[in-house]
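Residue numbers (the working numbering), protein chains in the order written: chain B, 612 to 921; chain G, 327 to 607. Every residue, glycine too, gets a C-beta built ideally from N, C-alpha and C. The structure displayed is predicted, hence computed values, not measured ones. A short write-up of the structure that comes next.
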């Protein structure tokens, strides 16, 4: 379990994390989302004492991280793939890490097998691909068989098989009663993996709820209608609280009316419909809606960029 | 037989996981740092270079001395045969000092440049035990390599200088004490460099700083002493000079010089510890 209380981090005049409160429960996979620069990595670093909070506190499994007698058995952390000396082999890196807690070499072999690193374990880490580096980072996080796992973008650079493996692994670890905190920018993957979501934006918690609740919050009753008579249908349905967008020549997207209402009215006016679909929100939609005002580094509008280029 | 997924059983398994097994220990940290030291190729070639430089220069000097030597000349210089042996056996260690200084800086700056430091400090959140373990391991192995170099060089010199009927016993206190002193100073240079590497956190900056203190500082202070007389009094208190006085005392006693050397190491490691504890990794 991870408990943060008014956790704050300033870098000079910039506030990276702004008095956040949250609890990460054991037995669940908790997704940690937010735009670049939202403070996710900084928060994760503060949990394991790599960065010192400017104010507030964070405790893991009941104590500040540095007060634990066996830190690697409490928390396994993957911060980024580059927390390894490039001149050392994966096997020797894990052996050096294991030695600090007198973890037997048999466990080193176990995590190497578990992460599929057997064939490259004796090679120097400098030559590793991004995916291999991630696997090594996950192996190091699992070394102490820890009660809490903190994984910063673990699927970054992994092949589809690896992505699926991380999903199964994290779910299994959570099912064993462990605390799993996971960040990722892949929303579809997060929707499949996480039970609970914490969204950060500009250093603040902007959502902390179950995946179902987060998605429900973004549901807007959007209905997609395909009809050859778009103009007639649009004028028929036009009213104050309804927005109608003409997506394609024969497709309308309608907010504010249910599928039943649209179907009944169209039938009454004898307008033929070729498609009538309720568009359900995805985690990605919900996330975009939540963070639309919180994005620190926004990409330029592609439309204007194209015009400038011209 | 069909498989039924039992949802209540899954829910029942969700009691918090309790970790078990061995914890952090200083012995474990020493073992970890020894593994780190000996699993990098650079360690092998830097230590090999220290030994090779020592042996090589010992051979050269031994031949040079036995060729150009005659009894009255050495008598005039005030050097007896044990003095010649010590000179030959330790001549190459000056180069070794520069090599282990680089090794000391790299042992910690390499962790910063590669990101390894995050793994190290996440495993040892109180941080200082990790630094002390690194210092202890590097000190021990550098001392052993230094001792092997000077004793080996001494043994190499025996047959060469023997052609001029010069002899000395390794266990003569005028031989073994200077040899031990040289190995000790070599190890303390490595440890001093670990401190500087921790303070500076970069390989280039750390190496420049350490070599500046070892090589450049005596020259600069020497030049100043020609302009300002009292500056000459500082000379014996420089790291390199104190290290030399530790072995061949001239302006102060051996133990006093040793304290000066320890003070340099203490300042370097003290600042390193304070910064390591305070800074974000």
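How would you write the range of the beta strand (DSSP E) that residue i sits in, first residue to last?
| i | result |
| --- | --- |
| residue 794/B | 790 to 794 |
| residue 621/B | 613 to 622 |
Can you look up residue i in the DSSP assignment and give me helix, strand or coil?
| i | result |
| --- | --- |
| residue 866/B | strand |
| residue 888/B | strand |
| residue 876/B | helix |
| residue 571/G | helix |
| residue 882/B | coil |
| residue 857/B | strand |
| residue 674/B | strand |
| residue 904/B | coil |
| residue 820/B | strand |
| residue 419/G | helix |
| residue 346/G | coil |
| residue 921/B | Below a pLDDT of 50, predicted positions are generally treated as unreliable, and residue 921/B, at 41, falls in that range; the measurement from the model is reported next regardless. In the structure shown, residue 921/B sits in coil (DSSP, three-state: anything other than H, G, I, E or B). |
| residue 915/B | Because residue 915/B carries a pLDDT of 43, less than 50, the predicted location of this residue cannot be relied on, and the following value inherits that uncertainty. Here residue 915/B sits in helix by DSSP. |
| residue 748/B | helix |
| residue 659/B | coil |
| residue 652/B | helix |
| residue 341/G | coil |
| residue 896/B | helix |
| residue 638/B | coil |
| residue 710/B | helix |
| residue 741/B | helix |
| residue 607/G | coil |
| residue 564/G | coil |
| residue 730/B | helix |
| residue 828/B | helix |
| residue 851/B | coil |
| residue 494/G | coil |
Let's see if you can read the secondary structure: which residues bound the alpha helix (DSSP H) around residue i?
| i | result |
| --- | --- |
| residue 543/G | 543 to 553 |
| residue 671/B | Segment 666 to 671 is the beta strand (DSSP E) holding residue 671/B; no alpha helix (DSSP H) there. |
| residue 525/G | 499 to 526 |
| residue 381/G | 367 to 394 |
| residue 354/G | 352 to 364 |
| residue 625/B | It is not in any alpha helix (DSSP H) - residue 625/B instead sits in the beta strand (DSSP E) that spans 625 to 635. |
| residue 587/G | 580 to 604 |
| residue 411/G | 407 to 416 |
| residue 535/G | 529 to 537 |
| residue 694/B | Looking at the DSSP string, residue 694/B is not in any alpha helix (DSSP H), and its letter there is neither H nor E. |
| residue 633/G | Given a span of 327 to 607 for chain G in the structure shown, any question on residue 633/G remains unanswerable. |
| residue 848/B | 841 to 848 |
| residue 721/B | 716 to 725 |
According to DSSP, what are the bridge partners of residue i?
| i | result |
| --- | --- |
| residue 735/B | 700/B |
| residue 685/B | Partner(s): none; residue 685/B has no beta bridge. |
| residue 833/B | 866/B, 890/B |
| residue 644/B | 810/B |
Verify the contact flag: residue i, CB atom, against every heavy atom of the ligand ZN, threshold strictly below 7 Å.
| i | result |
| --- | --- |
| residue 649/B | This structure lacks the ligand ZN, and indeed carries no ligand of any kind. |
Against chain D, does residue i count as a neighbour if the rule is that its beta carbon must be under 8 Å from one of theirs?
| i | result |
| --- | --- |
| residue 778/B | Absent here is chain D; the protein component of the structure consists of chains B and G. |
>> Assess contact between the region 678 to 693 of chain B and the region 745 to 764 of chain B, defined as three or more Cβ pairs (one per stretch) separated by less than 8 Å. Is contact present?
In response: Touching, per the Cβ criterion.
> Touch check for the region 637 to 646 of chain B and the region 687 to 700 of chain B: three-plus C-beta pairs under 8 Å?
Replying inline: Contact between the region 637 to 646 of chain B and the region 687 to 700 of chain B is absent: fewer than three C-beta pairs spanning the two stretches fall below 8 Å.
> What are the uninterrupted segments assigned as alpha helix (DSSP H) that are 4 or more residues long and contained completely in the region 754 to 816 of chain B, given in chain order?
Replying inline: 771 to 786, 798 to 804
>> Would the region 443 to 463 of chain G count as touching the region 344 to 363 of chain G if we require 3 or more Cβ pairs under 8 Å?
In response: yes
> Three or more beta-carbon pairs under 8 Å between the region 524 to 531 of chain G and the region 433 to 450 of chain G, yes or no?
Replying inline: yes
> Which full runs of the alpha helix (DSSP H) of 4+ residues lie inside the region 429 to 492 of chain G, going along the chain?
Replying inline: Listed in chain order, the complete alpha helix (DSSP H) runs (minimum 4 residues) inside the region 429 to 492 of chain G are 442 to 449, 454 to 488.
>> Across the region 465 to 474 of chain G and the region 503 to 518 of chain G, are there enough close Cβ pairs to call them in contact, namely three or more that are closer than 8 Å?
In response: yes
> Are the region 477 to 486 of chain G and the region 544 to 562 of chain G touching, with three or more C-beta to C-beta distances below 8 Å?
Replying inline: no
> Are the region 692 to 711 of chain B and the region 372 to 384 of chain G touching by the rule of at least three beta carbon pairs closer than 8 Å?
Replying inline: no
> Can you find at least 3 beta carbon pairs, one from the region 853 to 867 of chain B and one from the region 801 to 809 of chain B, that sit closer than 8 Å?
Replying inline: no
>> Assess contact between the region 783 to 791 of chain B and the region 725 to 744 of chain B, defined as three or more Cβ pairs (one per stretch) separated by less than 8 Å. Is contact present?
In response: no
>> Quick check: the region 648 to 662 of chain B against the region 770 to 778 of chain B, are at least 3 beta-carbon pairs closer than 8 Å?
In response: No: fewer than three Cβ pairs fall under 8 Å.
> Hey, is the region 837 to 848 of chain B in contact with the region 877 to 886 of chain B, meaning 3+ C-beta pairs nearer than 8 Å?
Replying inline: In short, these stretches touch, since the Cβ pair count reaches three.
> How about the region 438 to 456 of chain G and the region 386 to 394 of chain G: do they share at least three Cβ pairs that are nearer than 8 Å?
Replying inline: Contact between the region 438 to 456 of chain G and the region 386 to 394 of chain G is absent, with fewer than three C-beta pairs closer than 8 Å.
> Would you call the region 494 to 510 of chain G and the region 471 to 479 of chain G touching, i.e. three or more CB-CB distances under 8 Å?
Replying inline: By the Cβ test, the region 494 to 510 of chain G is in contact with the region 471 to 479 of chain G, since at least three Cβ pairs between them sit closer than 8 Å.
>> For the pair the region 717 to 724 of chain B and the region 672 to 680 of chain B, tell me if three or more CB-CB distances fall below 8 Å.
In response: Flag = no, the region 717 to 724 of chain B and the region 672 to 680 of chain B do not touch.
> Is it true that the region 888 to 906 of chain B meets the region 815 to 823 of chain B, where meeting means three or more beta-carbon pairs spaced less than 8 Å apart?
Replying inline: yes
> Should the region 740 to 747 of chain B be regarded as contacting the region 629 to 638 of chain B, the criterion being three or more beta carbon pairs within less than 8 Å?
Replying inline: The way I'd put it, the region 740 to 747 of chain B doesn't touch the region 629 to 638 of chain B; fewer than three beta-carbon pairs between them come closer than 8 Å.
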